[in-house]
Amino acid sequence: MKFVLFKKSLEEGAAPIYLFDGEEEYFKERGEEMLKEKYLQEPALNYTVLHGETLKGGQLSALVAAAQCVPFLSPKRIVKVTDLFPSEKDFNTYLKDYFEHPQQDTILFIVNSAAPKGKAADLRKAPNVTWVDCSRADEETVLRWIYTQFRRAGISADTECCERIMRYCLGDMSRISGETEKLIAYAMQDKKVTAQDVDLIVYRDAEYKTYEMSNALGLKNYGKFVSVQQELLSKGMDEISVLNSLASYFRGLYEISLIRKSDAETAKILGMKEYAVKMSRRQADSLGAKRVKECFLCVSDALNSIKSGELSAPAALLAVNAQLFFGNDANNGGE
Numbered sequence: 001m002k003f004v005l006f007k008k009s010l011e012e013g014a015a016p017i018y019l020f021d022g023e024e025e026y027f028k029e030r031g032e033e034m035l036k037e038k039y040l041q042e043p044a045l046n047y048t049v050l051h052g053e054t055l056k057g058g059q060l061s062a063l064v065a066a067a068q069c070v071p072f073l074s075p076k077r078i079v080k081v082t083d084l085f086p087s088e089k090d091f092n093t094y095l096k097d098y099f100e101h102p103q104q105d106t107i108l109f110i111v112n113s114a115a116p117k118g119k120a121a122d123l124r125k126a127p128n129v130t131w132v133d134c135s136r137a138d139e140e141t142v143l144r145w146i147y148t149q150f151r152r153a154g155i156s157a158d159t160e161c162c163e164r165i166m167r168y169c170l171g172d173m174s175r176i177s178g179e180t181e182k183l184i185a186y187a188m189q190d191k192k193v194t195a196q197d198v199d200l201i202v203y204r205d206a207e208y209k210t211y212e213m214s215n216a217l218g219l220k221n222y223g224k225f226v227s228v229q230q231e232l233l234s235k236g237m238d239e240i241s242v243l244n245s246l247a248s249y250f251r252g253l254y255e256i257s258l259i260r261k262s263d264a265e266t267a268k269i270l271g272m273k274e275y276a277v278k279m280s281r282r283q284a285d286s287l288g289a290k291r292v293k294e295c296f297l298c299v300s301d302a303l304n305s306i307k308s309g310e311l312s313a314p315a316a317l318l319a320v321n322a323q324l325f326f327g328n329d330a331n332n333g334g335e
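Under the numbering used here, read the sequence shown as residues 1 to 335, first letter to last.
Structure below.
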């Protein structure tokens, strides 16, 4: 099931075994919180965490033993195990019997984040497993989630506000959750959030600032491009860090422009967030693959000039700014 259906499913009671996997850590953390809030008392006695990478062969018996214990002064016992990827042989030998006949007063909570090393049993298809898909939420789902949080708090927020929060956080649910909480606290008196409030309160990290610089380049807005740089420099980044961010960003744009797949598939290949891929693809299409490659090479050459001692870091950044906006005219005085 999708994570958005998980909360409603708890109204009918907890499943004996859950498997949470996917890229979005927020869903895994929130799912655990919901199970604890509803079913766990006396955590010191009824909550156990095991690490799947340490459970091989006969060591898996420790997981079964922990799950078979009954709760003490609590509706349920929760046994959490991270990154559990047993081989088919180990599953059949040590875990299959428990999965077929789970302890009904225990919730076995499996949270997988890393990729399996080698071939592993498909726990999604194992008996009594409720699989919760924690892959990145689509744009509509994220916007609905933000809007719902404001509505539950009795705060008015329009679509533009919700979209800004999502954009500034690059679709990262952990960041979206934290920034939405900050805005709710900020707006408790007026009961309203405006676009200006979002701009004031929501932190836009270096990745988003690099996006803003790329956007300013596409619009040929030199003043905006430089002002974003100055903001990054004033907040502790040095010139080399800014150049590295630009080089990484333009390389990402170029890679995205070359991959002819859906945003979701591209995100998986590049290890990015799907929403970030969507935004980057728009910029890559706007600039064009050739221009994106030229920008990447320009910044890379500047970084190499710093390494070779040809240019200081401040001079290299100035050279990049001039080259990106004025091209060859930057080197010949406009002749």
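Positions of the beta carbon are idealized from the N, C-alpha and C atoms, including for glycine.
Beta-carbon contacts of residue i that lie in its chain and below 8 Å, excluding the five residues immediately before and after
i	result
valine 70	Arg77, Gln103, Asp105 and Thr106
tyrosine 168	Glu179, Val198, Val202, Tyr203, Arg204 and Tyr208
histidine 51	Val81, Thr82 and Asp83
serine 156	Phe150, Lys191, Lys192 and Val193
glycine 333	Here the model assigns glycine 333 a pLDDT of 44, short of 50, so the residue's position is not dependable and the matter cannot be decided.
serine 300	Ala247
leucine 311	Ala302, Ser305 and Ala319
Contacting residues, own chain, Cβ-Cβ under 6 Å from residue i (five flanking each side not counted)
i	result
phenylalanine 91	Ala121
isoleucine 306	Ala313 and Ala316
Opening and closing residue of the beta strand (DSSP E) in which residue i lies
i	result
aspartate 28	Note that residue 28 corresponds to lysine in the displayed sequence, not to aspartate. Element bounds for lysine 28: not the beta strand (DSSP E) but the alpha helix (DSSP H), 25 to 39.
arginine 77	77 to 82
asparagine 112	106 to 112
isoleucine 155	Looking at the DSSP string, isoleucine 155 is not in any beta strand (DSSP E), and its letter there is neither H nor E.
valine 129	129 to 133
Neighbour-count burial assignment, residue i, 16 or more Cβ in a 10 Å radius
i	result
asparagine 331	Annotation note: pLDDT 49 at asparagine 331 (below 50); position unreliable, coordinate value reported separately. Asparagine 331 should be labelled exposed.
asparagine 128	exposed
phenylalanine 150	buried
glutamate 335	Since pLDDT at glutamate 335 reaches only 41, below the 50 mark, its modelled position is unreliable, and no value is offered.
glycine 385	The requested residue 385 does not occur in the structure, where the chain is confined to residues 1 to 335.
leucine 273	Just to set this straight, residue 273 is lysine in the shown sequence, not leucine. By the 10 Å Cβ count, lysine 273 comes out buried.
leucine 258	exposed
serine 214	buried
tyrosine 113	For clarity, residue 113 is serine in the given sequence; the question names tyrosine instead. That one is exposed.
Segment limits, alpha helix (DSSP H) that includes residue i
i	result
leucine 270	263 to 270
leucine 10	Counting along the chain, leucine 10 falls outside any alpha helix (DSSP H), and DSSP gives it neither H nor E.
leucine 317	313 to 326
threonine 210	206 to 218
leucine 297	289 to 308
leucine 73	First-last for leucine 73: undefined, no H or E at that position.
Residues near residue i by beta carbon distance below 7 Å, same chain, minus five either side
i	result
alanine 66	Thr48, Leu50 and Val79
glycine 154	Lys191
### Task
Report yes or no: do three or more beta-carbon pairs, one from the segment 153 to 162 and one from the segment 180 to 195, lie closer than 8 Å?
yes
### Query
How about the segment 279 to 290 and the segment 217 to 230: do they share at least three Cβ pairs that are nearer than 8 Å?
Taking 8 Å as the limit for Cβ pairs, the verdict is that the segment 217 to 230 does touch the segment 279 to 290.
### Message
Between the segment 53 to 66 and the segment 24 to 40, can you find at least three pairs of beta-carbon atoms closer than 8 Å?
### Response
no
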